[in-house]
Amino acid sequence: MAAIIDIHTHLLPIDPLKAIWNCTLNQLSTLSEVSYASIGLHPWHLSSHSLPEQKEHLAAAALLPQIFAIGEAGIDKVCSTPISLQMDAFLFQIKLAERLGLPLILHVVKAHNEVMELKHSLSPSNDWIIHGFRGKPELAKQYLDLGFYLSYGALYNSASLLFTPINRLFFETDESPISIFQIYDDAARLLSVSSSDLIAKVSQNADKVFFNH
Ligand SMILES: [Zn+2]
Numbered sequence: 018m019a020a021i022i023d024i025h026t027h028l029l030p031i032d033p034l035k036a037i038w039n040c041t042l043n044q045l046s047t048l049s050e051v052s053y054a055s056i057g058l059h060p061w062h063l064s065s066h067s068l069p070e071q072k073e074h075l076a077a078a079a080l081l082p083q084i085f086a087i088g089e090a091g092i093d094k095v096c097s098t099p100i101s102l103q104m105d106a107f108l109f110q111i112k113l114a115e116r117l118g119l120p121l122i123l124h125v126v127k128a129h130n131e132v133m134e135l136k137h138s139l140s141p142s143n144d145w146i147i148h149g150f151r152g153k154p155e156l157a158k159q160y161l162d163l164g165f166y167l168s169y170g171a172l173y174n175s176a177s178l179l180f181t182p183i184n185r186l187f188f189e190t191d192e193s194p195i196s197i198f199q200i201y202d203d204a205a206r207l208l209s210v211s212s213s214d215l216i217a218k219v220s221q222n223a224d225k226v227f228f229n230h
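To get our numbering, take the position in the sequence shown, counting from 1, and add 17.
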């Protein structure tokens, strides 16, 4: 059993056994320093001329032993990358993740309906996780009803966290220098549970989703 408690960090984890490091194709040389990582094509960093090559590199990198998830991948309607290009990269990663049986870590900005429709119509067998979820409880409900997991970082809507069942919950530091333990302490207070209980339950979710335990 692993003991993952931070499912998405861009900073190299202090304890590599407790976190999933978000790796990009440019950072593959650092992969040997971590135990667990995700790899994906972020919608911010796509270009139409390099996408075919990036897909090829991603498909190869996804087979490396440290890779336990595909992502972050998704749709961001606020960035300047054309939506058609984002959708091309996203659909490729959806298929790759499902083919390899890896969970998908999602970056979604103002594209919730599109992502929900895709999950509904494709009904993938792997798990999809919305990272950095900051939406309201109504949106949380829509995602949860479709089987998504929600991952909460340093900032979130408290009512949404209270609404999310503990077995569909993750936490993450993302790009924040804040400690993951601080995030658990704050969330545990809100949920009226002990930090250690919350950590134990969420790491069980991680065992199930990332390690098929
Ligand atoms: Zn991120």
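The C-beta atom is built at its ideal place from N, Cα and C for all residues, glycine as well. Predicted model, so just to flag it, every value in this text is computed and none were measured.
Below 7 angstroms from a heavy atom of ligand 1 - residues by beta-carbon: His25, His27, Asn39, Glu89, His124, His148, Gly149, Asp191 and Glu192
Proximity below 8 angstroms, CB of Gly164 to CB of Asp191: no
His25 vs Ser168 beta-carbon contact at 8 angstroms: yes
Phe228, buried or exposed, once every other Cβ within 10 Å from all chains shown has been counted against 16: exposed
Buried versus exposed, by CB contacts within 10 Å (16 or more), Glu189: buried
Alpha-carbon spacing of Val126 relative to His62, whole angstroms: 15 angstroms
Classification of Ser55 by the beta-carbon crowding that lies within 10 angstroms, buried from 16 upward: buried
Contained alpha helix (DSSP H) runs [length at least 4] in the region 29-94, N- to C-terminal order: 68-78
Burial state of Ile31, where buried means 16 or more other Cβ atoms lie within 10 Å: exposed
Val125 in three-state terms, based on DSSP: strand
Pairwise C-alpha distance: Ile197 and Glu131: 30 angstroms
Cβ pair count under 8 angstroms reaching 3, the region 92-107 against the region 28-42: no
Closest residue to Ser138 among Leu113, Pro154 and Leu108 (Cα-Cα distance): Leu108
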